[in-house]
Amino acid sequence: MNGNKKGLLGYAIYMLLMSIVSIFLLLYEAYTSLWHRRSSRWNRLFLATIPDKPILLVHAASAGEVLAVEPLLHQLEEKYPQYALVISTGTKTGYALVQRFFPHLSVVYFPWDIPLVTKAWLRHISPRLIVMVETELWPYFLRTAARLQIPVVMVNGRISKKTFGFLRHFPSFVRYILSSIQLFLMQSEHAAVYIKQLGAYEERIHITGNMKYDQTYGQVSPTYKKSLQQQLGITDKHYPIWVVGSTHIGEHEHICNAFQQVRHAFPQAKLIYVPRYINEVEKIIEMGRTWHIDFVKRSEGKPLVTDSPIIVDTMGELGQLYSLADIVFVGGSLTPIGGHNVLEPASHGKPIIVGPHMEHFADVFASFQEQHAIITVANAKELAAACMYLAKHKQVAMDIGKTGLQIVQANQGATEKTIRIIADLMRKEL
């Protein structure tokens, strides 16, 4: 059996499995909306009003991808006012962030990759171009777009070593799916090599860099920074200000343990804790009590006049809150999650601590390690020690933060490269 036939067979098996899965998904949605009377994805799957302009569809799977594509959205709006931008996402946090940062744009949920629904969704939106952010390889969606002759571009593309290792077990199937994508605009040479080895046509692959270096949403004016400090009860007596972002289950206890040690050495230390998922806030508050840490919720009132640690139960603020820090820890790295975006705190010139699991940001992490712009720890003891070292040695902390900021500035420009290549495609295809 040749490669093309194997690809078709793999696709047929995938479609059969998704058809079976779709039955359970539809039953779950019906149960959720009717029995629990909760808002269903279906209510926000289709546009309430179809724009009267041709549509450019940008799919950003979750909050991280929404923030990654933020500079590109601004560029697309500026360069193509004759088009309407529609953003699709797969999570509540992604949906909320689009509404917060781009309230004037239409936002919908991305459909499950199942027959009928996906095709109806694409026909409903009828985009002229589809931009997929990072690694979004939905077989039926991509093949349906190809059949409808809608060009697809992958931007800020990345393939982790783990994902590559999994996908290479299905070479013919993956090659068949990748043939539906017209352009692969990859973050790094490693990512470009991976996507080529998986079967993407070499002439379609471009290395454009990482658009996260170009993010602007976290920028904070001196006036707004002062306002945030007042809201969170931060005064000149508090030191160090430790901002912890994007933590997951398995890391919360490490943070509480480490902060207790830091506070013992620095009684005026202030913790601003931003977990990855808001639904974990109550568990963290309860866990904190076992460490004699009494968290106050960000949402409880403004200003929060308190010396207590703040737990942030609101969305879309982390990039700005990093500006308040003396020291930053970026989560998803003490446990094997793969890490989160260290460029946000680096863009504020802050010294950053992470755990050893940074696979999702391997190239960025390697660059920061090479230039001694990041500190890596393995557990609560090392985390506390690193925090206290940086707090005691302010010049070292400042130098680490300055180096990180220089790395960010030196790598900016990916958005400009991306928009130029997309413009070339649009001139040819649209």
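Per the working numbering, the very first residue in the sequence shown carries number 985; after that it's consecutive.
Note that CB positions come from ideal geometry on N, CA and C, so glycine has one too.
Since the model is a prediction, treat every value here as computed from it, not as a measurement.
CB contact flag (M1138, V1246, <8 Å):
Numbered from its first residue, the sequence shown carries residue 1138 at position 154. Numbered from its first residue, the sequence shown carries residue 1246 at position 262. Taking 8 Å as the Cβ cut-off, M1138 and V1246 do not qualify as a contacting pair.
Could you check the C-alpha separation between K1376 and I1336 for me, to the nearest Å?
Counted from its first residue, the sequence shown places residue 1376 at position 392. Counted from its first residue, the sequence shown places residue 1336 at position 352. The alpha-carbon atoms of K1376 and I1336 are separated by roughly 15 Å.
How long is the line joining the alpha carbons of E1328 and D1347, rounded to whole angstroms?
Taking the first residue of the sequence shown as position 1, residue 1328 is located at position 344. Taking the first residue of the sequence shown as position 1, residue 1347 is located at position 363. So the two alpha carbons sit approximately 16 Å from each other.
Below 8 Å CB to CB, which residues in the same chain sit around E1186 once its five sequence neighbours on both sides are set aside?
Along the sequence shown, read from residue 1 onward, the residue named residue 1186 stands at position 202. So the list reads K1180, once near-sequence residues are dropped.
Does DSSP put G1316 in a helix, in a strand, or in coil?
Here residue 1316 is taken as the residue at index 332 of the sequence shown, counted from 1. In this structure, G1316 counts as coil in the three-state DSSP scheme.
If we count the other Cβ atoms within 10 Å of its Cβ and call it buried at 16 or more, is L1126 buried or exposed?
By one-based count along the sequence shown, residue 1126 stands at place 142. Answer is buried; the Cβ neighbour count reaches 16.
Output needed for L1009: all residues of its chain with C-beta closer than 8 Å, excluding positions within five of it in sequence on either side, in chain order.
What you label residue 1009 is simply residue 25 of the sequence shown in a count that begins at 1. Only W1096 and I1098 meet the Cβ criterion.
How is N1241 classed by DSSP in three states: helix, strand or coil?
For the purposes of this step, residue 1241 is identified with residue 257 of the sequence shown, where counting begins at 1. Reduced to three states, the DSSP call for N1241 is helix.
Tell me which residue opens and which closes the alpha helix (DSSP H) that K1254 is part of.
Here residue 1254 refers to the residue found at position 270 of the sequence shown. No alpha helix (DSSP H) holds K1254; the beta strand (DSSP E) holding it covers K1254 to P1259.
Among all the DSSP beta bridges, which residues are the ones paired with A1068?
As a working mapping, residue 1068 is identified with position 84 in the sequence shown. In the DSSP output, where bridge partners are listed per residue, A1068 has I1039.
So I1268 and M1299 are in contact, right, with Cβ under 8 Å, and what is the actual spacing, rounded?
By 1-based counting over the sequence shown, the position of residue 1268 is 284. By 1-based counting over the sequence shown, the position of residue 1299 is 315. About 16 Å; that fails the 8 Å criterion.
In whole angstroms, what separates the C-alpha of F1157 from that of G1078?
Counted from its first residue, the sequence shown places residue 1157 at position 173. Counted from its first residue, the sequence shown places residue 1078 at position 94. Looking at the two C-alpha atoms, the distance is approximately 29 Å.
K1271 versus A1330: straight-line alpha-carbon distance, rounded:
Translated into positions along the sequence shown, residue 1271 becomes position 287. Translated into positions along the sequence shown, residue 1330 becomes position 346. Residue identity check: residue 1271 is Met in the sequence provided, not Lys. Going from the Cα of M1271 to the Cα of A1330 covers about 29 Å.
At the level of alpha carbons, what is the spacing between T1207 and S1283?
Numbered from 1 along the sequence shown, position 223 holds the residue referred to as residue 1207. Numbered from 1 along the sequence shown, position 299 holds the residue referred to as residue 1283. Cα-Cα distance, rounded: 21 Å.
Name the residue from P1123, I1189, I1311 and P1087 whose alpha carbon lies nearest to the alpha carbon of Y932.
Lying before the first or after the last residue shown, residue 932 is absent from the chain, which here runs from 985 to 1414.
To the nearest angstrom, how far is it from the Cα of Y1223 to the Cα of F1313?
Taking the first residue of the sequence shown as 1, we reach residue 1223 at position 239. Taking the first residue of the sequence shown as 1, we reach residue 1313 at position 329. One C-alpha to the other measures close to 15 Å.
Buried or exposed for Q1133, going by 16 or more other Cβ atoms inside 10 Å?
Counting from 1 along the sequence shown, the entry for residue 1133 is found at position 149. Exposed, since its Cβ has fewer than 16 Cβ neighbours within 10 Å.
Run through DSSP, which three-state label would K1281 get?
In the sequence shown, residue 1281 corresponds to position 297, counting from 1. Strand at K1281.
Inter-residue CB distance, T1128 and F1094 (contact presumed, cutoff 8 Å)
The count along the sequence shown starts at 1 and reaches residue 1128 at position 144. The count along the sequence shown starts at 1 and reaches residue 1094 at position 110. T1128 to F1094, Cβ: 13 Å. No contact.
In its own chain, which residues sit with a C-beta less than 8 Å from the C-beta of H1341, not counting the 5 before and 5 after it?
Reading the sequence shown from its first residue, position 357 is the one you call residue 1341. Excluding residues within five positions, the ones whose Cβ falls inside 8 Å are G1316, S1317, L1318, T1319, P1320, I1321, G1322 and G1323.
How many Å lie between R1131 and Q1166 at the Cα?
Start at 1 with the first residue of the sequence shown, and residue 1131 comes out as number 147. Start at 1 with the first residue of the sequence shown, and residue 1166 comes out as number 182. The alpha-carbon atoms of R1131 and Q1166 are separated by roughly 13 Å.
Per DSSP, which one or two residues make a beta bridge with V1139?
By one-based count along the sequence shown, residue 1139 stands at place 155. In DSSP, V1139 forms a bridge with V1117.
Using a threshold of 8 Å, state whether the C-beta atoms of N1140 and N1194 are closer than that.
Residue 1140 sits at position 156 when you count from the first residue of the sequence shown. Residue 1194 sits at position 210 when you count from the first residue of the sequence shown. With a cutoff of 8 Å on beta-carbon distance, N1140 and N1194 are scored as near each other.
Just list the residues that DSSP pairs V1229 with in beta bridges.
Start at 1 with the first residue of the sequence shown, and residue 1229 comes out as number 245. The identity of residue 1229 in the sequence shown is Gly, whereas the question assumes Val. Looking at the DSSP assignment, G1229 forms a beta bridge with V1258 and V1314.
Alpha carbons only, please: which of D1036, H1232, L1106 and G1303 is nearest the one belonging to N1325?
Reading the sequence shown from its first residue, position 341 is the one you call residue 1325. Looking at the Cα atoms, G1303 is the closest of the given residues.
Given this structure, state the Cα-to-Cα distance separating K990 from R1107, to the nearest angstrom.
In the sequence shown, counting from the first residue as 1, residue 990 sits at position 6. In the sequence shown, counting from the first residue as 1, residue 1107 sits at position 123. Cα to Cα, K990 sits roughly 29 Å from R1107.
Roughly how many angstroms separate the alpha carbons of I1189 and A1044, rounded to a whole number?
In the sequence shown, counting from the first residue as 1, residue 1189 sits at position 205. In the sequence shown, counting from the first residue as 1, residue 1044 sits at position 60. Answer to the nearest angstrom: the Cα atoms are 20 Å apart.
Along the chain, where does the beta strand (DSSP E) that runs through I1337 open and close?
As a working mapping, residue 1337 is identified with position 353 in the sequence shown. Its beta strand (DSSP E) spans residues I1336 to V1338.
Identify every residue that forms a DSSP beta bridge with F998.
The residue you call residue 998 lines up with position 14 of the sequence shown. Phe is not the amino acid found at residue 998; the sequence shown has Tyr there. For Y998, which the question treats as bridged, DSSP gives no partner whatsoever.
Can you give me the Cβ contacts of A1368 inside the same chain, cut-off strictly under 7 Å, excluding the 5 residues immediately before and after it?
Locating residue 1368 in the sequence shown gives position 384, counting from the first residue. Hits under 7 Å: A1242, Q1245 and V1246.
Grab me the residues of L1216's own chain with a C-beta within less than 6 Å of its C-beta, minus the 5 sequence neighbours each way, in chain order.
Start at 1 with the first residue of the sequence shown, and residue 1216 comes out as number 232. For L1216, where only same-chain residues beyond five positions count, the Cβ hits under 6 Å are L1288 and I1294.
Helix or strand or just coil, what does DSSP make of V1361?
Position 377 of the sequence shown holds residue 1361. Here V1361 sits in coil by DSSP.
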